[in-house]
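Under this note's numbering, the first residue of the sequence shown is numbered 212, with each subsequent residue one higher.
The structure appears below as structure tokens.
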Amino acid sequence: MWRSPSASQPASPSVAVFTSQGSDCASSPSIHHRLLTAVLSYPVMSEKLQDNPFAALFSSVKDAEQFSQQHMPTKTQPPTNNEQVHKSENDNTVSFLEDLLLVTTREEWPHAAPRVLLPSSDPLTVDSFPLLLFTRLLLDASDVQLVGPVGEGGDEAAQGEVMVYLSEVYSRCWATRDRPLGHIARKVMEAVVTNLATALEQPELYPSQNVEQQMLRVLHQGLGREGAVEELTRNLVSHISKEGATVPPRVFQQLLGEVTTKLGSCSLMAVDFSLIEVLELYATLPLLAPLLTRIPPEQETRMGRSFHKTPLGSLLSISSLPDHAGLPSPFFDKPSSKPGHIHKDTEKSIWLAQRNINIRIHKIFYRLLKVSSQAKDGLLSWLESCLQANRGRAGIWHLQGIEGGLQSIYASDGFMINLGAVMLQLAQPFTQDVKTAKILKVDPTYCKARPMKEDGGVPGAYTKGFENLSTLVPHSEEDSVLPHSQQYSFISSCFFLTHRALHLGMQVAQQKLSKLSQELGRLHQNESVSEVMQPYVEARTADLLSLKAALFEPHLTESLLQFLGSTTEWMVQISLSPTNQLTPPTTLQEVKLPLPDEEEETPHPFLQCIPEFLVENLTEAISSVRHYTAGLLDAAGDSAILSQLMSFIVVFMGSSKRMSNPHLRAQLASCLEILLPESKNSSGGLLIGLQEQLFQSHPLSSQLVPTLLNVFVSIEMTGQNVAFEEKFGYRRPMYEVMKYLWELPRHRQRFTELATQALSNMESARPPLFLRFVNLLINDAIYLLDEGLSYMSQLRESQKERDGGEWDSLTPAQRESRERSFQNMMLLARFHNNLGSHTIQILIRLTKEIPQMFTHSTLVDRMAAMLNYFLYTLVGPKQRNLKVRYMEKYEFRPGEMVSDICTIYTHLFANSSFCLAVSSDGRSYTPQLFSQASDVLCRVGRGLLAEEMQEVGLAVVAAGKAQAEDEDIAAEAPEEFLDPIMSHLMTDPVILPSSKLTVDRQTIARHLLSDQIDPFNRQPLTMEEVVPNTELKIRITQWLEEKRTQRAAQSEIPKPQ
């Protein structure tokens, strides 16, 4: 390459750079045309071009001269008088440019502040400043010559870092963009952006500088704090995009990594919002937005916690809850030492801070959905992968090591609660107002579609991990292929991803809160909790308060209930669509009676696509809101949720064809209890009025009684291995609802109608609903009361041992074991006594209004035996075994229990069959039973009931006397006349079709209530299949009449004197 003859004068570093890369300059005209123009502006030390060191960039001096003539300005004649004004204006422009660029070509000019003197003879003008700016960038620090006053501002003018200098120029322009000459400032800003882009694209132009690190520092220090830097970044990224770049410069990835790390270390009350503003900026720029949605490497996505380290995850992890299970709560320190209003203030502070964060996160999510299709797909894919990686959270409470290493695999509770909160905000446009019918745009087949990213995937289906979820109605291989759409909308994706986020986040946290509350309840009731345990109790209380604050921020709760209300409306509309309609409904249909008959109904294929966890989200949320907030309607902010919930409960709770899981349907009974006007969480006034109206005027309210009885019976026939006591937990709220419905004449009439139908069909192939209900009710009463009394007896023995000093001789470990056992017995006693009392209260109501149901031959013996057994236990000689201290603590009220049982006797004794059954009970009945009961009733102030019990006793004695005579006769009966199961004289013998054996009708009817098989060969059997043994019945009747006649004749023969 040709070099300047002035070899003795060393070239400046910048010159050396370009002489060594002259061939590259020629090959990059887009950049180097500007470069060559700039270097030829370099002021010569002599009039000869060959003295210009930049002439070495050309192959010969002649080429340099030719280029100079084409591009350098020609000399002009001295200005005329008319040109002086224009010159003055130009001077203003020059000064303005000098103030912006902090450079000058006027060495002798009286500058007000330090300026860098550029080695150029050209004046600084609007036309020449781009070249002069580039010249300034190429100056080496040793070549910088300042002119003007010495002092403040010199360092700024001599700024040697290219990217920092350009950003400072931009900031000065930004500050003057709306002032006079602002149009010039905007031109300079464009030139700055161009030079920044050039530097990032061609960093080798500045080999002595690290332009990436400089730019990173500029962005990190300015974004979120300075408007000029934010605008500079927007314009720079826009410029790079227009140049055709599809991947942003590495500096933006580096910046995002630093921001993510710093956000991950922020606490809820000390958030650097400038960092969030950086993410907000990224979300608005199509080139940068995809950086926010990058998914962790495949080997890390197996651990849901890896999403904490992503940009979006670093925001979602900012919470009032500890980042890891087992860490102490950062709030509510030593809660028992502070008054309640302090906790309320702390809770409100948490709510305010968390809501502000979640609003900002929602803004980022929303912008990502709008900025580009690539960013939208990236966000939905991120959500899909995050939820799939954290799917194990749904089973945390069924595994060991709840507080151990298991939870460190998954995202934290705070992360998942915040994700659910943000998703609820995204879903608001189509769930906030059901009347718009936007909710019907949710496609019910979504969860069965193959994920979009898999081979054969359906566009718009972000369904990874959905395919194996349990659905409302199971789909078997024999069923037809499930329908699915060719493409899914954002509304469908948002709806199901939101539910999935709630299921893995809020629902898990709500379960955690419930278990924590129960644990603390037990600890507070345990009188033997030592001071050593107090720090543990304090820590767990702080955990509870923190969870409650995180879950029940008022706006979050309102959004949650609105979303769930829309979900119930959508599911009802889907379930009642015609089964041959394989496209979702598009308009809201009025839900009215009659509902499709369950026996004739075919499940809609859509119900085989909808996951069960939608209902689990509903039941858990409704229960939690009831227990931990002011009230359901107060939290929802809209009474429509009550009507939507009632419709959903009636449609789904009583039908296994719409929701096959009986446990899930039983959980809806808890939701029904929450709607009761007598709910302890009622706000009173208007709310109670709305709730009463709901039970009396709702279009589906007439179906409440059969629906409730159906699910009561269904939970017994689950066919699943479930803890025996679990069904009683399900039935407790059912008892409360029944008691309320019984007080409403319209619903009481429905009970009696069902009982009448049952009495007319007692021997049908399928036992009537009401008969099955009453049979199970009696079973429950027997089990619960018996267990409750048994635990009371055990508690008495344990109290005697402890009071007698027997525990003092035990080792500390043995005493602790005995104490744990005692506490467990106490809980079990309270549980069984409470539910037993509920069951008896229902029996009192039913036996008064429908006594014929309980005196029917199918049930009367069991009813009498149950009443006799418990009355004997409570008033007979064994009653002393039940006396313990603090009976109320165990919800054991023996006087009340005796009164309730005696009340049932008075409801039934008018029926001779019942009195006969009572007297025939050889296990518990004694002639003194009713007099003993009367004594107890008098002691507890129930004198009138005691008098009625005397009448019951007389009726039973009379029935017993008659029965004794018949028993004497039956003792002589031939073997073929006796029931082979119960060994009593048959009154209505029937033949079992498969075993061909004969039994009494009431014996086999009672057996088939619990197990519909032949007891002799276990073949299927129904009452409709049994065959009356008419011939044997006639023989028995004739034989019995003969024997009675003989007895009567013998009684008339005078006894010998």
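For each residue, glycine too, the CB sits at the ideal point set by N, CA and C.
Remember, predicted model here, so these are calculated numbers, not experimental data.
Residue environment analysis places E947 among the buried positions, since at least 16 neighbouring C-beta atoms fall within 10 angstroms of its C-beta. Listed in chain order, the alpha helix (DSSP H) runs fully inside the region 948 to 998 are 956 to 971, counting runs of at least 4 residues. Annotation note: the region 1045 to 1133 contains no uninterrupted beta strand (DSSP E) run of length 3 or greater. Separation of K938 and A494 (C-alpha to C-alpha, rounded to the nearest whole angstrom) is 51 Å. Separation of S777 and S703 (C-alpha to C-alpha, rounded to the nearest whole angstrom) is 13 Å. For N791, the number of other beta carbons within 10 angstroms of its own is below 16, and it is reported as exposed. Look at L434 here: in three-state DSSP terms it is coil, with no helix or strand label.
Three or more beta-carbon pairs separated by less than 8 Å link the region 583 to 591 to the region 498 to 509, which places the two stretches in contact. Exclusion of the five residues before and after G393 leaves T387 as the residues of its chain whose Cβ lies within less than 8 Å of its Cβ. Burial is judged here by how many other beta carbons sit within 10 angstroms of a residue's own beta carbon; S971 has fewer than 16 and is exposed. Setting aside the 5 residues that flank it on each side, A1166 is surrounded in the same chain by F1120 and C1126, each with a C-beta closer than 7 Å to its C-beta; the list follows chain order. Counting only residues of its own chain and dropping the five nearest sequence neighbours on each side, R1041 has a CB closer than 7 Å to the CB of Y1101 and E1102. Within 10 angstroms of the beta-carbon of M480 lie fewer than 16 other beta-carbons, which makes it exposed.
Residues of the same chain with a CB within less than 8 Å of the CB of L905, apart from the 5 flanking positions on each side, are L853, S854, M857, L886 and S912 in chain order. When the five nearest sequence neighbours on each side are left out, the beta carbons in the same chain lying within less than 7 Å of the beta carbon of L580 are those of K587 and L590, in order along the chain. Rounded to the nearest angstrom, the gap between the Cα atoms of F774 and F706 is 9 Å. Look at P1200 here: in three-state DSSP terms it is strand. Distance from the Cα of K574 is smallest, within the candidate group I487, E558 and D544, for I487. Taking the C-beta atoms as reference points, F1141 is found nearer than 8 Å to M1160. For V1147, the enclosing alpha helix (DSSP H) stretches over residues L1140 to R1150.
In this model, F542 and N406 are separated by some 50 Å (Cα to Cα). In the assembly as shown, Q878 is a buried residue. Its beta-carbon has 16 or more other beta-carbons within 10 Å. For the options G900, M945, I926 and L532, the alpha carbon positioned closest to that of M870 is the one of I926.
When secondary structure is reduced to three states using DSSP, A481 falls in the strand class. Taking the Cα positions, S517 is about 15 Å away from S592. Assigned with DSSP and collapsed to three states, P341 falls in helix. For T1209, the enclosing beta strand (DSSP E) stretches over residues T1209 to D1211. Residue range G551 to V582 is occupied by the alpha helix (DSSP H) that includes R571. Take H450, set aside five residues on each side of it, and the residues of its chain with a beta-carbon closer than 6 Å to its own are V404 and A408, in chain order.
Taking the Cα positions, S548 is about 14 Å away from T557. Taking C-beta separations shorter than 8 Å and ignoring five residues to either side along the sequence, the partners of N1240 in its chain run P1200, V1201, I1202 and T1209, following chain order.
One Cα belongs to L1000, the other to L1093, and the distance between them is close to 7 Å. In this structure, the CA atom of V429 is about 19 Å from the CA atom of P418. With a cutoff of 8 Å on beta-carbon distance, E831 and Q718 are scored as near each other. Within a 10 Å sphere around the beta-carbon of L793 sit fewer than 16 other beta-carbons, which makes this residue exposed. The beta carbon of L377 sits closer than 7 Å to the beta carbons of V403, N406 and L407 from its chain, once the five residues preceding and following it are set aside; these are given in chain order.
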